[in-house]
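Engineer:
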Amino acid sequence: DPEHMDFYGTFDKVKEAFVAYAHNLPFYGFVVACIDHPVVAELIPQFQRKTVTYGFDVKADIRAVNVQTTPDGLTFDIRFNPRLIHFPKEITGVKLPMFGPHNILNSLTAFAVGHELGIEAEKIAEAFAKFSGVRRRFSTTGIVNNITVIDDYGHHPTEIAATLKAGRDAINGKGKGKIIAVVQPHRYTRLSSLFSEFCTCFENADEVIIADVYAAGEEPIAGVNKDALVSCIRKQGKDRVHALASPQDLAALIQKIASPG
Numbered sequence: 076d077p078e079h080m081d082f083y084g085t086f087d088k089v090k091e092a093f094v095a096y097a098h099n100l101p102f103y104g105f106v107v108a109c110i111d112h113p114v115v116a117e118l119i120p121q122f123q124r125k126t127v128t129y130g131f132d133v134k135a136d137i138r139a140v141n142v143q144t145t146p147d148g149l150t151f152d153i154r155f156n157p158r159l160i161h162f163p164k165e166i167t168g169v170k171l172p173m174f175g176p177h178n179i180l181n182s183l184t185a186f187a188v189g190h191e192l193g194i195e196a197e198k199i200a201e202a203f204a205k206f207s208g209v210r211r212r213f214s215t216t217g218i219v220n221n222i223t224v225i226d227d228y229g230h231h232p233t234e235i236a237a238t239l240k241a242g243r244d245a246i247n248g249k250g251k252g253k254i255i256a257v258v259q260p261h262r263y264t265r266l267s268s269l270f271s272e273f274c275t276c277f278e279n280a281d282e283v284i285i286a287d288v289y290a291a292g293e294e295p296i297a298g299v300n301k302d303a304l305v306s307c308i309r310k311q312g313k314d315r316v317h318a319l320a321s322p323q324d325l326a327a328l329i330q331k332i333a334s335p336g
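Start counting the sequence shown at 76; every next residue gets the next number (the working numbering).
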């Protein structure tokens, strides 16, 4: 995705950096690549290193199928390309105690790396059944009046959308609930270069609260701010969007719009 554009300047430079990284791998190294992403799929032929692909796509070496959401997380089967000689053709009933298709993709990378290191697929599956996740990645920080508070560091539109999709999957697994997204945009340059993407990444949120931009040392950019983002999100058909006046007002606003469940 177009990210860290303040450093790279153009998206083509980002892609060139990924290809250069692959070329710098030692001869015995390997690349693990998500074939679902169109840009990654475009770059794979340029890697010039052994590459193991993963994803939901039928062309993936390691492919997740039969995904089901439960109140406790996700279950799915994995089909392996026969060329992965250290793995069986399929393992079934893999359990992942977290939500969101992006976490399935993350888990497939572990299977890919494990294959190249000689770790049995069944052992990896057993470990994932006990995996509690990573701090500040869809981390539950508390439950009050049957309202679950989730903390996630995602600050790119793709990450925000993935986190909200995980929240929606969790709600669907339990049968009810709504999502209140509280977001502080990180850096004016990121908000500016990805403004359209930020406007459309809240599809799975029932209510959205936008705080002032965290500058991270940057100077403000004219027309790129909290109010502009709120206005743009509303234009996408989201009428329950709130501009947060100050951090001190957040608790009262949450109390006003949240409800048990």
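All C-beta atoms in this analysis are idealised placements derived from N, C-alpha and C, irrespective of residue type, glycine included. All of these numbers come straight from a predicted model, not from anything done at the bench.
Which of the three DSSP states, helix, strand or coil, is assigned to N141?
Structural biologist: strand
Engineer: Does the distance from the C-beta atom of N279 to that of K240 stay below 8 Å?
Structural biologist: yes
Engineer: Give the DSSP bridge partners of A187, in chain order.
Structural biologist: Looking at the DSSP output, A187 sits in no beta bridge, so it has no partner there.
Engineer: For L319, does the three-state DSSP call read helix, strand or coil?
Structural biologist: Looking at L319 - three-state DSSP - the assignment turns out to be coil, as it is neither helix nor strand.
Engineer: Can you tell me whether T167 is buried or exposed? The criterion is at least 16 other CB atoms within 10 Å of its CB, across all chains shown.
Structural biologist: exposed
Engineer: Go ahead and pull the three-state DSSP assignment for E165.
Structural biologist: Correct three-state label for E165: strand.
Engineer: Return the CA-CA distance between V305 and V127, expressed in angstroms with no decimal places.
Structural biologist: V305 and V127: Cα-Cα distance of roughly 41 Å.
Engineer: Using DSSP with H/G/I as helix, E/B as strand and the rest coil, what is R124?
Structural biologist: coil
Engineer: Terminal residues of the continuous alpha helix (DSSP H) containing L304?
Structural biologist: Taken as a continuous stretch (DSSP letters only), the alpha helix (DSSP H) holding L304 covers 301-310.
Engineer: Let's test the definition: count the other Cβ atoms within 10 Å of the Cβ of Y228 and tell me whether it reaches 16, buried, or not, exposed.
Structural biologist: exposed
Engineer: Out of F82, K88, A333, point me to the one whose CA is closest to V224's CA.
Structural biologist: A333
Engineer: DSSP state of D87, grouped into three classes?
Structural biologist: helix
Engineer: Assign E78 to one of three DSSP states: helix, strand, or coil.
Structural biologist: coil
Engineer: In whole angstroms, give me the CA-to-CA distance for R243 and F102.
Structural biologist: 43 Å
Engineer: Using DSSP with H/G/I as helix, E/B as strand and the rest coil, what is R243?
Structural biologist: Three-state result, R243: helix.
Engineer: Based on Cα-Cα distance, which residue from A286, P172, A318 lies nearest to K205?
Structural biologist: P172
Engineer: Under 7 Å Cβ to Cβ from R124, same chain only, skipping five residues before and after it: list those, please.
Structural biologist: Contacts found: A97, L100, G104, F105, V106.
Engineer: Rounding to the nearest angstrom, what Cα-Cα distance links F82 and A291 in this structure?
Structural biologist: 14 Å
Engineer: Comparing C-alpha positions only, which one of G252, G298, A256 sits nearest to Y263?
Structural biologist: G298
Engineer: Suppose you measure from the CA of L159 to the CA of K90; what does that come to, to the nearest Å?
Structural biologist: 27 Å
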